[in-house]
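Residue numbers (our numbering): 1 to 315. Reading through the structure tokens given below for one structure.
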Ligand SMILES: NC(=O)c1ccc[n+]([C@@H]2O[C@H](COP(=O)([O-])OP(=O)(O)OC[C@H]3O[C@@H](n4cnc5c(N)ncnc54)[C@H](OP(=O)(O)O)[C@@H]3O)[C@@H](O)[C@H]2O)c1
């Protein structure tokens, strides 16, 4: 099968031929129709998890995908050949991922069925970004009328988070450039803050001198200074970081709840999101559909940022 791999941490991705993996007991072989691209994909190949998980090389890049079950291993009861499925397929110890024609998943892992009405490209764009958005917004414990800042709202996680927060009845402040402001407003943002025109925290503080209820920070990197975001919160507020940049103990002393968030897909969450997307209640903008052979060049470009939606690889 064709696949995009790295041969070690930090090496350039390569488009290669690999043996098609075989499903073992309790596993399914999935023919991938579309793979979703996330910043996590290159953070992992750069070595983000090298001290905590074994990696097998050559390592197929990527996590998110949607496709069709081709074959099942012994003992598989949840899936049958021909089922349309999607989810997270990154298996670092086995060297397996989603930027490939085929991949293997555990039946009790992070995959679920998708409705017939949901295109593979849209399904592949959901797992990491929209599960993160869904669970992170839940973690903010928003109530109707609360004000939430989403810092980094113009990307994959942010666009879904705007929709979930707006559905809670929150007033959503979303960062974005003028090019995407109408789109973010359409998704449910109350105010769009142009972060290129001045520091976001200064603009929010000026408009909300009494503070806001929650911040979902998708921008501050691990080890970065998140205190300007924390400074926007009133006592009792919540600061969520998707890059593990918060210091919950220090924030607790100020009456603020800090959460270093990691997404954790379940069959129930994946099923809910697939159903919402299939009926248009969760909208995901696809920036680009790229052939698998072009994925190495795509990754180099995606690393530079400026996502205004999701990119999908089509084998
Ligand atoms: N912990 C978890 O479970 C988890 C799960 C998913 C994602 N994440 C992390 O969360 C972050 C966001 O993920 P994503 O998939 O949404 O990434 P993405 O699609 O690349 O979007 C990031 C967005 O942030 C914008 N941005 C960059 N700098 C900004 C700034 N200073 N102020 C405001 N906006 C800014 C970018 O716009 P420009 O590039 O145009 O500036 C881009 O639109 C990534 O770091 C990712 O690794 C963590």
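Quick reminder that beta carbons are idealized off the backbone N, C-alpha and C, glycines included. Quantities reported herein were computed from a predicted structural model and do not represent experimental measurements.
- Exclusion of residue 301 from the 8 Å shell around ligand 1 follows from its C-beta lying no nearer than that to any non-hydrogen atom of the ligand.
- Of all C-beta pairs linking the region 82-94 to the region 120-127, three or more are shorter than 8 Å, placing the two stretches in contact.
- Residue 156 sits in a helix when the DSSP states are folded into three classes.
- By the Cβ criterion, the region 190-206 is not in contact with the region 288-307, since fewer than three pairs of Cβ atoms, one from each stretch, lie closer than 8 Å.
- Rounded to whole angstroms, the Cβ separation of residue 312 and residue 291 is 11 Å, and the two are not in contact under 8 Å.
- In the DSSP annotation of this structure, residue 4 is not part of any alpha helix (DSSP H); the continuous beta strand (DSSP E) holding it starts and ends at 2-6.
- Judged by the Cβ position, residue 2 fails to qualify as a neighbour of ligand 1 at the 8 Å threshold, every heavy atom of the ligand being at least this far.
- Using a Cβ distance threshold of 9 Å, residue 172 and residue 150 count as a contacting pair.
- In its chain, beyond the 5 residues on either side, 261, 263, 264 and 269 have a beta carbon closer than 8 Å to the beta carbon of residue 135.
- The Cβ neighbour count for residue 53, taken over all protein chains shown within 10 Å, is under 16; the residue is labelled exposed.
- Less than 9 Å divides the Cβ of residue 175 from the Cβ of residue 158.
- Our two residues, residue 147 and residue 212, have alpha carbons roughly 5 Å apart in a direct line.
- Distance from the Cα of residue 107 is smallest, within the candidate group 3, 233 and 27, for 27.
- Counting along the chain, the unbroken alpha helix (DSSP H) around residue 299 starts and ends at 295-302.
- Annotation: the continuous alpha helix (DSSP H) that includes residue 183 extends over 178-187.
- In terms of side-chain proximity, the C-beta atom of residue 39 is found nearer than 8 Å to a non-hydrogen atom of ligand 1.
- Residue 310 has its CB nearer than 8 Å to a heavy atom of ligand 1.
- Residue 160 places its beta carbon 9 Å or farther from that of residue 139.
- Residue burial is scored here from C-beta neighbours: residue 96 has at least 16 other C-beta atoms within 10 angstroms and is therefore classed as buried.
- Rounded to the nearest whole angstrom, the C-alpha separation of residue 254 and residue 284 is 37 Å.
- The beta carbon of residue 252 is closer than 8 Å to those of 258 in its chain, skipping five residues each way along the sequence.
- Residue 79 has no beta-bridge partner at all, per DSSP.
- By DSSP's assignment, residue 113 forms a beta bridge with 85.
- With fewer than 16 neighbouring CB atoms inside 10 Å of its own CB, residue 301 falls in the exposed class.
- For the pair residue 94 and residue 56, the CB atoms are nearer than the 9 Å cut-off.
- Using a 10 angstroms sphere on the CB of residue 91, the tally of other CB atoms reaches 16 or more, which defines it as buried.
- Taking C-beta atoms as the reference points, residue 125 and residue 144 fail to come closer than 9 Å.
- Sixteen is the threshold: since fewer than 16 other Cβ atoms of the shown chains lie within 10 Å of the Cβ of residue 178, the residue is exposed.
- With contact defined as three or more Cβ pairs closer than 8 Å, the region 57-65 and the region 7-25 are in contact.
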